[in-house]
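A.B. asks: Numbering-wise, the sequence shown is residues -23 to -1, 1 to 398 according to mature numbering (1 follows the signal peptide of the UniProt record, and there is no 0). Submitted below is the structure of interest, expressed as structure tokens.
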Amino acid sequence: MKRVMLKTSLGMAVAFASTQLFAAGFALNEQSVSGMGTGFAGRSSSAEDASTVYGNPAGMSRIKRQQVTVGGAAVIAKSDISGPGSNFGGETDGDMVPVVGVPMGYYVRPIDDHWSVGFGVYVPFGLVTDYGSDDAARYWGKKSHVEVVTFQPTVSYAFNDRVSIGFGPTINRIRGELGSSLLSPPVPGTTDGEVKIKGDDTAVGYNVGLLVQATDRTRVGLTYHSMVDYKLEGKTRVSTPLIGPFNGNKFDASLKIKTPESVDLSVTHELDDEWTLYAGSTWTRWSRLKDITVQNDVPGPLVGSAFETIKEDQNWHDTWAHAIGASYKVNKEWVLRTGFTVDQSPTNNHDRSPRIPTGDRKIFSVGAGWSPTEDMTVDVAYSYLWEEDTKVNQVSATKGSYQAKYENSAHGVGASLTYRF
């Protein structure tokens, strides 16, 4: 039996990872708790607190007092798995997604009637899955852990009371781990091996936004979140308990991966002093993710071996998410929110794996904002997500076969505090 350990960059973990969270692919939506309450409808047009640094940098022009918004969300996912599983056996209990926390923090300061500056720290991508050592899916994706933390200094400029723009470069730190079991050879007393990939990298992107006060009661926002191009270099380390050509060797490894760009267009309309309506659509270019390839610089005798090139097809497609929402101002202290979202999955039936067993989803959200004083607001939100049933049907000469049906759902809760001074 060979036990193989690969240490390289994170990109494969990003591409292979299953996501039971609240956006398509491995993206996250939880960058604003006030936005979470309306299902993120109106995300680029609301500008209700400092989280507009992410939602639409141009929205900082609507914030007239210096303010800080800090908060977090928790995602509690569940998967019911049925079907034959692996031809090599193993359980299918579905408990592979632990509770995931998503932190956020923002600061906005108006400079004058035209200029504002701000800063944000948030998590645009992330996931955790862990099938365990006895699960039927262990050969296809035993463990995945990935997170991207983004730092965004931001500036906005208001041309007048109607039109403003905003821009912020993003500094993105990505790290994670990928693990899979390796099928042991038919030798009595041997156990499964394991592949592990760990790594991190830093890359730069940008966010840019436009906000237009179309009428006295209607705002239109447009935000572009750029693609981020990671060029990852690392090491592949191979160790085996049996004597073999890979034992004790280290190889240079290289990998390129891009997280996708997205465009968010939304509208906020104030019906009257109490009711506000929101609508929005987001397009994400997941079609960038055709496959993931790690190229190892192996010595001459090992050229052509299974570990020279590690590749897995993805063939993701572009997605749309659409959301509608509403808020009701009960009085000076309280506002209530609700929203509904439909979100496409970028995966396809042919290439879907246990790491990415997701389908199209629907999300229902409610939330509230409480302002005990003019200087402070506490926002809370709850979302329930359910996906269409999806099937995984994979066959490999080295992994055997895996067949299963996934029924995925998740609960999300969030809270944030905004303080103005």
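Idealized CB from N, CA, C, for every residue including glycine. Predicted model, so just to flag it, every value in this text is computed and none were measured.
1. Does Val123 pass the burial test, meaning 16 or more other C-beta atoms within 10 Å, or should it be called exposed?
2. Any idea if Asp26 is buried or exposed, counting beta-carbon neighbours within 10 angstroms, 16 or more meaning buried?
3. Specify the secondary structure class of Thr324 as computed by DSSP and reduced to three states.
4. Does Ser22 come out as helix, strand or coil in the three-state DSSP assignment?
5. Report the three-state DSSP secondary structure of Pro331 (helix, strand or coil).
6. Cα-Cα, which of Lys175, Trp92, Asp90 is closest to Lys120?
7. Name the residue from Lys267, Leu242, Trp263 whose alpha carbon lies nearest to the alpha carbon of Tyr255.
8. Suppose you measure from the CA of His202 to the CA of Asn64; what does that come to, to the nearest Å?
9. With DSSP run on the structure shown, which of helix, strand or coil describes Met73?
10. From which residue to which residue does the alpha helix (DSSP H) around Val30 run?
11. What residue from Thr15, Asp90, Ala35, Asp328 has the CA that sits closest to Arg196's CA?
12. What number of angstroms, rounded off, separates the C-alpha of residue 399 from the C-alpha of Ser110?
13. If you pair each beta-carbon of the region 42 to 52 with each one of the region 75 to 95, do three or more pairs fall below 8 Å?
14. Is the number of C-beta pairs between the region 301 to 318 and the region 330 to 337 that are closer than 8 Å three or more?
15. Looking at the strands, I want to know which residues DSSP matches up with Val100.
16. Could you check whether Asn370 and Asp328 sit closer than 7 Å to each other, using their CB atoms as the reference points?
17. Helix, strand or coil for Trp293? Go by DSSP, reduced to three states.
18. Tell me whether Met37 sits in a helix, a strand or coil according to DSSP, three-state version.
19. Quick one: Cα of Pro276 to Cα of Gly66, how far?
20. How would you label Thr395, buried or exposed, when you count the other beta carbons within 10 angstroms and need 16 or more for buried?
21. If the criterion is Cβ atoms closer than 7 Å, does the pair Asp356 and Ser322 meet it?
22. Do Glu247 and Arg194 have their C-beta atoms within less than 7 Å of each other?
23. For Gly198, which option in Lys267, Phe17, Asp178 has the closest C-alpha, if you only look at C-alpha atoms?
24. Assess, as a yes-or-no matter, whether the region 84 to 100 is touched by the region 345 to 361 under the definition of 3 or more beta carbon pairs within less than 8 Å.
25. Can you give, in chain order, each stretch of the beta strand (DSSP E) that sits fully within the region 88 to 140 and has at least 3 residues?
26. Report buried or exposed for Tyr207, applying the criterion of at least 16 other Cβ atoms within 10 angstroms of its Cβ.
27. Rounded to whole angstroms, what is the Cα-Cα separation between Phe3 and Asn385?
28. Return yes when the Cβ of Phe144 is within less than 7 Å of the Cβ of Val125, no when it is not.
29. Is Val244 helix, strand or coil when you go by DSSP?
30. Between Trp347, Gln272, Asp320, which has its C-alpha nearest Tyr305's C-alpha?
31. Among Ser360, Val205, Ile234, Ser231, which one has its Cα closest to the Cα of Ser319?
32. Determine, using beta carbons only, whether Ala314 and Gly14 come nearer to each other than 7 Å.
C.D. replies: Taking the definition as stated:
1. buried
2. buried
3. coil
4. coil
5. coil
6. Lys175
7. Leu242
8. 43 Å
9. coil
10. 29 to 32
11. Ala35
12. This structure cannot speak to residue 399, because the chain is shown only from -23 to 398.
13. yes
14. no
15. DSSP output for Val100 lists no bridge partner at all.
16. no
17. coil
18. helix
19. 36 Å
20. buried
21. no
22. yes
23. Phe17
24. no
25. 92 to 107, 120 to 135
26. buried
27. 15 Å
28. no
29. strand
30. Trp347
31. One point to set straight first is that residue 319 is Val, not Ser, in the sequence displayed. When each option's Cα is compared against that of Val319, the closest is Ser360.
32. Residue identity check: residue 314 is Arg in the sequence provided, not Ala. Yes, the pair counts as a contact, with Cβ atoms nearer than the cut-off.
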